[in-house]
Amino acid sequence: MKIGFYGFGNNLNTPNICPLRKNGLSAKTIIPHSHLNEEGVGCLWIECRQRHKAWMSISPSCLQITRDSHVDSFPSNWCSILREVKVLSAKGFDFFSHCKKKVGNGRKSRFWLDTWLLDKPFRVRFPRLFNLEMDKTKSVAAKWDDPSFCSSFRRPVRDGIEKEQWLDMLSMLDTVMLSSSIDRWVCDLNGEGDFRVKDVRSSLDELFLPSMDVATRWVKFIPKKINVFAWRACLDRLPTRLNLIKRGVILDSDICPICNSSTEDSSHIFFHCDMAKSILRKISIW
1 MKIGFYGFGN NLNTPNICPL RKNGLSAKTI IPHSHLNEEG VGCLWIECRQ
51 RHKAWMSISP SCLQITRDSH VDSFPSNWCS ILREVKVLSA KGFDFFSHCK
101 KKVGNGRKSR FWLDTWLLDK PFRVRFPRLF NLEMDKTKSV AAKWDDPSFC
151 SSFRRPVRDG IEKEQWLDML SMLDTVMLSS SIDRWVCDLN GEGDFRVKDV
201 RSSLDELFLP SMDVATRWVK FIPKKINVFA WRACLDRLPT RLNLIKRGVI
251 LDSDICPICN SSTEDSSHIF FHCDMAKSIL RKISIW
C-alpha cells in the first residue's frame with residue numbers, strides 16, 4: 001500500500017529511498033534491505049552480552065558462538081541469522097568488528113580469543129605466541145594472576161618472530177590496568193557503547209543506499225503526495241512516454257498526444273507543452 005501511495009503504482013526506483021538530506025524520501029520502511037535481518041543482528045548483540053548466562057530459550061550451541069567456528073549450514077533461524085551477517089560482511093559491513101569487550105576485572109574475557117584490547121584477537125595478532133599457549137581459553141584475569149605471561153607456554157620463547165611478537169605484546173599489556181568492575185560488551189556504532197538497531201540501519205543506509213549532495217526540498221505546508229510527486233519529477237521518474245519506452249513498454253510513439261509537436265518527457269510536460277504554457281499563463285494572471 002505504501003509503494004502504491006508514494007509511487008503511484010509504477011516507476012518508483014526503490015533503491016533511491018534514502019534520507020532527505022541526501023535527495024531521498026527518508027521513507028526507509030517502504031523496503032527492506034536485500035540482505036538484512038535487523039532483528040537477527042539485535043539477537044546477536046544480546047547473545048554477545050549474555051554469553052556467560054544460561055539461556056533456556058536458546059540452544060546451548062548458540063552460547064558458544066564465535067565468528068569463525070560456529071557452523072551455519074543447518075536449517076535453523078540462528079544459522080540463518082549468521083548467514084545474513086556473513087553476507088553483510090562480504091558487502092562491507094562487518095557487524096562483529098563493532099562488538100568489543102570492555103575489560104574490567106578480566107574474569108569474563110578470554111585472553112587469546114576475545115577482541116578486548118586491539119581491533120582483533122590476540123590469537124590473530126600474535127599467532128606464534130598463540131601456538132605456544134597450552135590453555136588457549138584462558139581468561140585475562142587468569143593470565144594476570146600467573147607469575148609471568150609466558151608461564152602457560154609449552155616452551156620458552158625463541159628468538160626471531162616469536163621474540164618480536166613477545167616484545168610487542170608486552171609493550172601493549174603494560175598499558176592495561178584491570179579494575180574491580182565486570183567485563184561487558186560494547187558496540188562502537190555510537191559514542192555510548194550501547195547497541196541500537198537504529199545505528200545498524202543507519203550504517204547500512206550509508207553503505208548501500210545511493211545518495212546525492214543536494215538535499216530533498218520538502219514543503220510541509222502541502223500534501224505529502226505532492227512532495228513525493230515533485231521529488232519523482234526532479235529525478236525524472238514520472239511515467240512519461242519517453243520513460244515508459246526506455247523501460248520496455250510498447251507504445252505507438254513517444255510524441256506528446258496533447259500538442260503532437262515534441263517528445264513527451266518531464267521537461268516537456270511541465271514547461272514546453274502548449275497546455276502547460278496555457279496553464280502557467282492563467283496561473284500568472286490569477
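Residue numbers (full-length UniProt numbering): 1 to 286. Built from N, CA and C at the ideal position, the CB exists for glycine as well. Here the structure is a predicted model, which is why all the values come from computation and not from measurement.
The beta carbon of D265 is closer than 6 angstroms to those of T240, L242 in its chain, skipping five residues each way along the sequence. A230 and F96 have their alpha carbons spaced roughly 41 angstroms apart. When secondary structure is reduced to three states using DSSP, R201 falls in the helix class. Per DSSP, reduced to three states, the secondary structure at E192 is coil, with no helix or strand assignment. The criterion of a C-beta distance shorter than 8 angstroms is satisfied by N105 and I182. The beta carbons of V186 and K108 sit no closer together than 8 angstroms. With a minimum length of 4 residues, the unbroken runs of alpha helix (DSSP H) contained wholly in the stretch 129-189 fall at 140-145, 161-173. V103 is positioned such that its CB atom lies closer than 8 angstroms to that of V140. Nearest Cα to G92 within the set L204, R184, C273: L204. Within the DSSP secondary-structure output, R110 pairs in a beta bridge with S139. Taking L170 as reference, the option from R155, W144, S89, D194 with the minimal CA-CA separation is W144. With respect to S152, M177 sits apart: the two C-beta atoms are not nearer than 8 angstroms. A straight-line Cα-Cα distance of about 37 angstroms links K246 and R83. For K100, no alpha helix (DSSP H) segment is defined; the enclosing uninterrupted segment is the beta strand (DSSP E) at 99-102.
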